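Report on the following structure.
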Amino acid sequence: MVSPKIFGNVLSGRCKRNQQTHFRQIRADIALNIRNPDDYVRETKLDIQRVPRNYDPSLHPFEVPREYTRALNATKLERVFAKPFLASLDGHRDGVNCMAKHPKSLSTMLSGSCDGELKVWNLTKRECVRTLQAHEGFVRGMVVRFCGTSFFTVGDDKTIKQWKMETPGYGEEEEPLNTILGKSVFTSIDHHQKEGVFVTCGQQVDIWDEQRSSPIRSFSWGVDSFSCVRFNPVETELLASCASDRSIVLYDMREATPLKKVIMNMRSNTLCWNPMEAYNFTCSNEDYNLYTYDMRYLDKPFTVHMDHVSAVLDVDYSPTGKEFVSASFDKTIRIFPKDSGHSREVYHTKRMQHVISIKWSSDNKYILSASDEMNIRLWKANAAEKLGLLAPREKAAVNYSQKLKEKFQHHPQIRRISHHRHLPKSIYSQTKELRVMKEARRRKERNVRKHSKPGSMPVVTEKEKHVVTVVK
Amino acid sequence: MFNSIPQKSDPFPGSAPVPEEKLKKFRRGVKGELPPRPQYKLRDVVIRSEAASDLAQKQNARYDLMLPEDAGFLEGDEDEDTCTISQDDIVDAVDITAGAKYFNLTLSQFGPYRLDYSKTGRHLLLGGRRGHVTCLDWQSKQLMCEMNVMETVNDVKWLHSEALFAVAQKKWLYIYDNKGIELHCIRKFNDVLRMQFLPYHFLLATASATGFLQYLDVSVGKEVVAICTKAGRLDVMAHNPHNAIIHLGHSNGTVTLWTPNQREPLVKMLCHQGGVRSVAVDKTGTYMVTSGMDKKLKVYDIRAYRPLQSYFLPAGASCLSLSQRGLLSAATGDIVQVYRDVWGIPVTKPYMAHRAKGSVWGVHFCPFEDVLGVGHGEGFTSMVVPGAGEPNFDGLDANPYRSAKQRQEWEVKALLEKIQPELIGLDPSQLSQVDHSTWEQRHEDRVQVLGFDPLAKEKFTPRLKTKGRSSSGKVEKRKKQVAHEDQRDVIRQTVEDRMKIDKERKEKEKKKAAAAGQKSALDRFRK
Numbered sequence: 284m285v286s287p288k289i290f291g292n293v294l295s296g297r298c299k300r301n302q303q304t305h306f307r308q309i310r311a312d313i314a315l316n317i318r319n320p321d322d323y324v325r326e327t328k329l330d331i332q333r334v335p336r337n338y339d340p341s342l343h344p345f346e347v348p349r350e351y352t353r354a355l356n357a358t359k360l361e362r363v364f365a366k367p368f369l370a371s372l373d374g375h376r377d378g379v380n381c382m383a384k385h386p387k388s389l390s391t392m393l394s395g396s397c398d399g400e401l402k403v404w405n406l407t408k409r410e411c412v413r414t415l416q417a418h419e420g421f422v423r424g425m426v427v428r429f430c431g432t433s434f435f436t437v438g439d440d441k442t443i444k445q446w447k448m449e450t451p452g453y454g455e456e457e458e459p460l461n462t463i464l465g466k467s468v469f470t471s472i473d474h475h476q477k478e479g480v481f482v483t484c485g486q487q488v489d490i491w492d493e494q495r496s497s498p499i500r501s502f503s504w505g506v507d508s509f510s511c512v513r514f515n516p517v518e519t520e521l522l523a524s525c526a527s528d529r530s531i532v533l534y535d536m537r538e539a540t541p542l543k544k545v546i547m548n549m550r551s552n553t554l555c556w557n558p559m560e561a562y563n564f565t566c567s568n569e570d571y572n573l574y575t576y577d578m579r580y581l582d583k584p585f586t587v588h589m590d591h592v593s594a595v596l597d598v599d600y601s602p603t604g605k606e607f608v609s610a611s612f613d614k615t616i617r618i619f620p621k622d623s624g625h626s627r628e629v630y631h632t633k634r635m636q637h638v639i640s641i642k643w644s645s646d647n648k649y650i651l652s653a654s655d656e657m658n659i660r661l662w663k664a665n666a667a668e669k670l671g672l673l674a675p676r677e678k679a680a681v682n683y684s685q686k687l688k689e690k691f692q693h694h695p696q697i698r699r700i701s702h703h704r705h706l707p708k709s710i711y712s713q714t715k716e717l718r719v720m721k722e723a724r725r726r727k728e729r730n731v732r733k734h735s736k737p738g739s740m741p742v743v744t745e746k747e748k749h750v751v752t753v754v755k
Numbered sequence: 062m063f064n065s066i067p068q069k070s071d072p073f074p075g076s077a078p079v080p081e082e083k084l085k086k087f088r089r090g091v092k093g094e095l096p097p098r099p100q101y102k103l104r105d106v107v108i109r110s111e112a113a114s115d116l117a118q119k120q121n122a123r124y125d126l127m128l129p130e131d132a133g134f135l136e137g138d139e140d141e142d143t144c145t146i147s148q149d150d151i152v153d154a155v156d157i158t159a160g161a162k163y164f165n166l167t168l169s170q171f172g173p174y175r176l177d178y179s180k181t182g183r184h185l186l187l188g189g190r191r192g193h194v195t196c197l198d199w200q201s202k203q204l205m206c207e208m209n210v211m212e213t214v215n216d217v218k219w220l221h222s223e224a225l226f227a228v229a230q231k232k233w234l235y236i237y238d239n240k241g242i243e244l245h246c247i248r249k250f251n252d253v254l255r256m257q258f259l260p261y262h263f264l265l266a267t268a269s270a271t272g273f274l275q276y277l278d279v280s281v282g283k284e285v286v287a288i289c290t291k292a293g294r295l296d297v298m299a300h301n302p303h304n305a306i307i308h309l310g311h312s313n314g315t316v317t318l319w320t321p322n323q324r325e326p327l328v329k330m331l332c333h334q335g336g337v338r339s340v341a342v343d344k345t346g347t348y349m350v351t352s353g354m355d356k357k358l359k360v361y362d363i364r365a366y367r368p369l370q371s372y373f374l375p376a377g378a379s380c381l382s383l384s385q386r387g388l389l390s391a392a393t394g395d396i397v398q399v400y401r402d403v404w405g406i407p408v409t410k411p412y413m414a415h416r417a418k419g420s421v422w423g424v425h426f427c428p429f430e431d432v433l434g435v436g437h438g439e440g441f442t443s444m445v446v447p448g449a450g451e452p453n454f455d456g457l458d459a460n461p462y463r464s465a466k467q468r469q470e471w472e473v474k475a476l477l478e479k480i481q482p483e484l485i486g487l488d489p490s491q492l493s494q495v496d497h498s499t500w501e502q503r504h505e506d507r508v509q510v511l512g513f514d515p516l517a518k519e520k521f522t523p524r525l526k527t528k529g530r531s532s533s534g535k536v537e538k539r540k541k542q543v544a545h546e547d548q549r550d551v552i553r554q555t556v557e558d559r560m561k562i563d564k565e566r567k568e569k570e571k572k573k574a575a576a577a578g579q580k581s582a583l584d585r586f587r588k
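So this is what it looks like as C-alpha cells:
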C-alpha cells in the first residue's frame with residue numbers, strides 16, 4: 284500500500300482544464316468527475332428546469348430509426364387532423380357562377396350567380412354584406428379593379444357594369460357607376476394590374492379603356508367565341524384567352540394582332556397565370572386534365588396534370604406560385620403542386636355538387652369554391668394546419684414534423700399513409716374505369732409497336748399527345 | 062465631435078477554426094458525388110442538404126468544446142503503478158462527496174449478488190441468489206424497496222425507468238414495481254437465466270436454460286418472438302447498444318448474434334477454444350470483448366469481424382463490463398481488475414485492481430459516474446474508478462437530475478418514438494441508405510412497361526408449307542439457315558464493335574502524341 288503524497292492545498296502540476304474550485308484537490312493526479320447538483324437542479328420552483336445538452340452521436344444511438352418513427356407518427360397525425368372544411372356561405376338563390384377576390388382586403392369576396400344576383404361577403408364574419416341585382420341572366424364574369432374601390436361585372440344581357448365597392452348609404456339606390464352596352468354576350472372580364480384598362484371576351488377579345496364606351500382594340504382570329512381571358516399578373520401587357528376552337532391564344536396588348544396560339548385535342552375552359560413565374564400558365568381542359576404551358580414553348584406542355592374524372596372547370600394559383608387548385612364537374616376540388624402530374628389533396632363533400640368556380644385566397648391559407656347548389660364553401664389550403672396564432676414551441680414542432688415528413692416521404696409505409704385519401708364511391712369507381720380504359724389503349728399501342736418494323740411507330744410521349752399544333 | 066478611432070484590423074479574420082477530430086466525431090455518412098448536371102433539381106436538393114449537414118456538424122463541434130464537465134483521471138508518478146493505488150488511497154485523496162462513492166454493503170446471508178444500474182445511473186438494483194431483491198438510490202443511500210422473493214433469483218434488470226424492474230426467478234419471469242409490488246408473473250418466460258433490456262425498443266430480451274431467446278415488449282406487454290437457438294443452455298448474454306443486437310456466448314466457444322426478425326443467428330463467430338465465459342460490447346458498437354475457459358481475453362472489431370487483440374489472463378475472467386469511456390473491468394474469483402484502452406496498443410498491466418470480499422458474481426459500470434459496482438458472495442461493493450463515466454450527460458435523454466415531471470414527459474416521448482422490432486439489424490442506419498435498384502429490377506420494370514422483353518430472343522418456328530415442301534429435312538434446312546443468319550449477324554455486330562473500339566483507341570493515341578508534340582518525319586505516312 285503506497286502512502287499518498289500530499290502536495291499542498293493548491294492545484295499544482297497537472298491541473299484540470301477549467302478550474303473548478305468547488306472541491307479541493309489534494310493530490311494533483313487523482314480526480315473524479317464530481318457534479319455539483321446546484322448546477323443541474325433549478326434554484327426555485329418558479330425557474331424553468333435546466334437541460335444540459337450533449338450532442339455526441341454515441342449518446343444518441345438509433346438516430347435514423349427514431350426519426351423514421353417520428354416521421355411515421357407525424358404522417359399519421361396529419362391524417363388525423365386533416366379537417367379542411369371550414370364554413371359554407373349560404374344565401375344565393377341560384378347556382379354561383381363566378382367569384383372575384385378583393386386585391387387589398389383579405390376578408391372581402393364577391394360572387395355572382397346564375398340569376399344575375401351579386402353578393403359581397405365578409406369572410407371573417409362569414410356573412411353576406413351586400414346584395415345587388417347586377418344583370419338579367421347569368422353574371423358571366425367579374426373582376427375588382429386593382430385599387431379596390433370599384434369592380435366590373437359582365438352578364439348575359441350584353442352589358443358591362445362598373446359598381447362602387449362601398450355599400451351605398453341609407454336611402455341610396457344600388458346604381459352602377461357606369462354601364463356599357465355591347466353587341467354580343469360577354470363571357471369573361473379581367474382588369475389590368477396597373478392601368479385603367481380592362482379586357483372582355485365574347486365573340487372577340489376587346490380591350491377597353493375605362494373612360495371610353497367602345498373598345499380601343501379588338502383581337503379576333505377566325506374563332507366565333509372565347510370562354511376566358513386573363514391578364515398576366517407579372518408581365519402586365521400580356522394576355523391569354525381560351526377559344527372554342529380548342530385553342531389558347533396569346534396576345535400582347537401593345538400589338539395589333541395576336542401573338543400565337545396552340546391548338547389542343549379538346550377545349551380549355553379557363554386558364555390562370557402563375558403569379559410568381561411570368562411565363563407559365565395553367566389551363567383547365569375538357570379532357571379531365573390540366574396543362575401547364577411555358578408561354579415561350581407552346582409546342583409541348585410543361586406538365587400534364589391528371590387526376591380528375593370529369594371536365595375541369597376552373598383553376599386558380601396560390602399566391603406563392605407553387606401550387607394551384609382546380610374545380611371540376613366531378614364534384615371535387617383538387618390541389619396540385621405546380622410541377623407534379625398528380626394531385627396532393629382532394630376535397631369533396633356529399634352536399635357539394637358540380638364546382639363551377641374556385642379561388643385561392645391571397646394569404647395562401649384558404650380556398651373558396653362556388654358550386655352548382657348555390658353554396659360557396661370555405662376550405663383550408665393545408666388540411667391539417669392549425670389556424671390562428673401558434674406559440675413558438677408549437678411552430679418549432681410543426682416545422683420539425685414537416686421536415687421529417689419531407690425527409691422520409693419516399694419510404695413505402697409513409698408514402699402509403701400520406702397519399703391515402705377517401706374518395707366517394709362514384710369517383711373511385713370512375714377512376715378505376717378510366718385506368719382500365721387507359722391501360723387498354725396503352726396495351727394496344729404496345730402490341731402494334733411490338734409487331735411492326737422497329738422504328739416505324741415512333742414513341743409519342745404523354746405531353747406531346749395532347750397538342751395538335753402551334754400557329755403563329 | 063469625436064474623431065473616429067482608427068480601427069485595427071483583425072489579425073485572425075473570420076470565425077475560429079474547429080479542430081478536425083472534433084468535426085470527424087460529428088460526421089454522419091459519407092459525402093457522395095453530386096448527380097450529373099442535367100438533373101438540376103436533384104443537384105439543387107443535394108447541395109442544399111449537404112450545406113445544412115455541414116453547418117450542423119460545425120455547430121455541434123463548436124458546442125462540444127464548451128461542455129461543462131471534464132472526465133476524471135488517475136495518473137501515477139513515473140515509478141508508481143496505478144494498479145497499486147487502492148480504493149482507500151483514492152478516497153483519502155479526493156473530497157468527501159467523491160469518497161462517499163466507495164462503499165460496501167455486507168449482505169452475506171442471501172448469496173452472491175447480481176446487480177443492475179438504471180439508465181440514468183441513479184438507481185441500483187441488487188438481486189441475491191437466495192431471493193433477496195432490493196432497489197435503492199445509491200447516491201443518497203435511500204432504500205426504495207427490499208424484499209425476499211423466496212425463490213432462486215437468476216438475474217435482475219431495470220426496465221425503461223426506475224419505476225419497474227424484472228426479476229428472473231427460478232421458474233418464471235416476474236415484474237415488480239419499485240415499491241416491491243409484484244405486477245406481473247409471466248409464465249411464458251420460463252427458466253430465464255439472463256436478461257438484457259433494449260431501451261429504445263422497449264424490449265426485454267431473455268435467454269433461458271432451455272435454449273430459448275425470447276423478446277418481451279414491455280410497453281405493450283406482448284411477447285414479440287421466441288427463438289429456439291438450439292444451442293443448449295444460454296447463460297452468457299450481452300447486447301450491442303449501437304444496433305440492439307443480442308450477443309450470446311456458447312459452451313463450444315462461439316458467439317452468435319441475434320435479431321428478433323430471424324430464426325437463425327445473423328453471425329456466428331468462433332472466439333475461444335473452450336466455452337465462452339463472458340461477452341461485453343462497447344457503446345459505439347465497434348469493439349467486442351470476450352473471455353473464455355481457455356483463460357484468454359480477446360478483443361474483436363465487430364464491424365469488420367476481425368480479431369484485434371488477445372490477452373492471456375492467468376485465471377480467466379468470469380465477468381466483463383465496459384464503461385462509457387472505454388474502460389474494461391474483468392473479474393476473476395474475488396479480484397476485480399480494470400483495464401484502460403484494451404483495443405489500442407496492447408495492455409500490459411491493469412489500470413486498477415481491487416479485491417472484493419467474496420467471489421464476484423456480477424460487475425457493472427455506473428452510467429454517468431466514475432463508479433464500478435461489484436456484486437459478490439458477501440454483498441455489494443461500489444468502487445471508484447476515475448475516468449470511467451461520461452462526464453456530460455444529455456438532459457433530454459438520460460438525465461440523473463430529472464424531476465418527476467421531466468421523467469413523465471421523457472417517458473411519453475420515448476414511448477411515442479419506440480422503434481419497432483422489425484427495424485433491428487446490423488446496420489441501424491439502413492433506412493437512410495439509398496435503395497439502388499439492380500439491373501435485374503430495372504429490366505423487369507422495362508419489360509412491364511413495354512409489354513415484352515426487348516432482349517429476349519423468340520424461337521424461330523418455320524411456317525408449314527404445303528405440297529410436300531414441309532418434309533422434316535426441308536424444315537431442318539430452313540431452321541439451320543435462320544440459325545446461321547443469326548450467327549452471322551452476331552459476328553458482324555461484334556466485329557463492328559471491336560473495329561470501333563480499335564479506331565477510337567488509335568484516335569486517342571494520335572491525339573496524345575500530337576499533344577505531346579512529338580513530330581517525326583514519318584507522321585505524314587501515318588493513317
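Residue numbers (the working numbering), protein chains in the order written: chain Z, 284 to 755; chain S, 62 to 588.
Ideal placement from N, C-alpha and C gives every residue a C-beta, glycine not left out.
From a predicted model like this one, the values you see are computed outputs, not experimental measurements.
Measure how close the beta-carbons of M382 of chain Z and A594 of chain Z come, nearest whole angstrom, since I'm counting them as under 8 Å. 19 Å between Cβ atoms; not a contact.
Below 9 Å on C-beta distance, what does I313 of chain Z contact in chain S? G133, F134, L135, E136, I146, D150, I151, A154, V155 and P447
Extent of the continuous alpha helix (DSSP H) run through L84 of chain S: E81 to K86
Mind pulling the chain S residues with CB within less than 7 Å of I317 of chain Z? T158 and A159
Using a 10 Å radius around the Cβ and a threshold of 16 neighbouring Cβ atoms, would you call V426 of chain Z buried or exposed? buried
Using a Cβ-Cβ cutoff of less than 8 Å, which residues in the same chain neighbour N460 of chain S once the five nearest sequence positions on both sides are dropped? T181, F454, Q467 and W471
Would you say F364 of chain Z lies against chain S (beta-carbon separation less than 7 Å)? no
To the nearest angstrom, how far is the alpha carbon of D149 of chain S from that of L309 of chain S? 37 Å
Of the choices S:R255, S:Y366 and S:L128, whose alpha-carbon is the least far from that of V334 of chain Z? S:L128
Quick one: give me the first and last residue of the beta strand (DSSP E) that M205 of chain S is part of. Q203 to N209
V91 of chain S versus K688 of chain Z: straight-line alpha-carbon distance, rounded: 23 Å
Under the DSSP definition of a beta bridge, which residues are partnered with D492 of chain Z? Z:V480
May I ask you to report which of helix, strand or coil DSSP gives N251 of chain S? strand
First through last residue of the alpha helix (DSSP H) which encompasses Y711 of chain Z: K708 to K733
Residues that V334 of chain Z contacts on chain S, provided the C-beta gap is smaller than 7 Å: G456 and L457
Same chain, Cβ closer than 7 Å to Q118 of chain S, neighbours up to 5 away in sequence not counted: L84, F87 and R88
Please check if any C-beta of chain S sits within less than 7 Å of the C-beta of P348 of chain Z. yes
Are the beta-carbon atoms belonging to T320 of chain S and I485 of chain S less than 7 Å from one another? yes
D296 of chain S versus A268 of chain S - alpha carbon distance: 7 Å
Just reading off the beta strand (DSSP E) that M657 of chain Z is part of, what are its end residues? No beta strand (DSSP E) contains M657 of chain Z, which DSSP labels as neither H nor E.
Residues of the region 414 to 445 of chain S whose Cβ lies closer than 8 Å to any Cβ of chain Z, in chain order: E430, D431 and V445
Can you give the Cα-Cα distance for S797 of chain Z and M589 of chain Z, rounded to whole angstroms? Shown here, chain Z extends from 284 to 755; a query on residue 797 of chain Z therefore has no answer.
Would you decide whether S739 of chain Z is buried or exposed? Buried here means 16 or more other CB atoms lie within 10 Å of its CB. exposed
Minimum C-alpha distance to T752 of chain Z - residue among Z:F607, Z:D528 and Z:F421: Z:D528
Mind checking which residues open and close the alpha helix (DSSP H) that includes T352 of chain Z? E346 to V363
Closer than 6 Å: G423 of chain S CB and nearest the ligand FMN heavy atom: The ligand FMN is not part of the structure shown, which contains no ligands of any sort.
DSSP on T304 of chain Z, reduced to helix/strand/coil? Reliability fails at T304 of chain Z, whose pLDDT of 37 lies under 50, so the model's placement of it is uncertain and the value that follows must be treated cautiously. Residue state, collapsed to three classes: coil.
Closer than 7 Å to chain Z by CB, P452 of chain S: yes
Closest Cβ-Cβ distance between L342 of chain Z and chain S: below 7 Å? yes
Tell me which residue opens and which closes the beta strand (DSSP E) that P368 of chain S is part of. R367 to F373
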